[in-house]
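Structure record follows, encoded as structure tokens.
In the working numbering, the protein residues as written are 501 to 597.
Below you can see the structure in the form of structure tokens.
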């Protein structure tokens, strides 16, 4: 859910604060702009987080090994999201350490 909130609320708000005219642009354009501004490490990495989030939205009751693999990836993804938030916090002086 945090990944969704970042993509749907925080990223558009950051572009708005920076007076970047991206409100009517596709999400991929927004991600590319955030990457160019140095607020996002890479659009590709964000898309991987999004794909992982989609895996969590589906049930895999007959595949415990697959569920475990996605859960392990989720722990790594949480660290990546935390890093993104810390970087944004530092950039805007928000003290999110």
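Where is the CB? At the ideal position from N, CA and C, for every residue including glycine.
Treat the numbers as computed from the prediction; the structure is a model and nothing was measured.
Residue i - DSSP class collapsed to helix/strand/coil
{"i": "residue 593", "result": "coil"}
{"i": "residue 501", "result": "coil"}
{"i": "residue 507", "result": "helix"}
{"i": "residue 535", "result": "helix"}
{"i": "residue 549", "result": "helix"}
{"i": "residue 529", "result": "helix"}
{"i": "residue 515", "result": "helix"}
{"i": "residue 544", "result": "helix"}
Local Cβ density within 10 Å of residue i, reported as buried at 16 or more and exposed below that
{"i": "residue 503", "result": "buried"}
{"i": "residue 557", "result": "exposed"}
{"i": "residue 509", "result": "exposed"}
{"i": "residue 575", "result": "exposed"}
{"i": "residue 530", "result": "buried"}
{"i": "residue 533", "result": "buried"}
Subject >> Contiguous alpha helix (DSSP H) assignments of at least 4 residues, all confined to the stretch 558 to 593 >> reply: 564 to 591
**OP:** State whether the stretch 561 to 574 contacts the stretch 515 to 534, with contact taken as three or more CB pairs (one from each stretch) at a distance under 8 angstroms.
**Re:** no
Subject >> Contact the stretch 579 to 594 vs the stretch 531 to 551: 3+ CB pairs below 8 angstroms >> reply: yes
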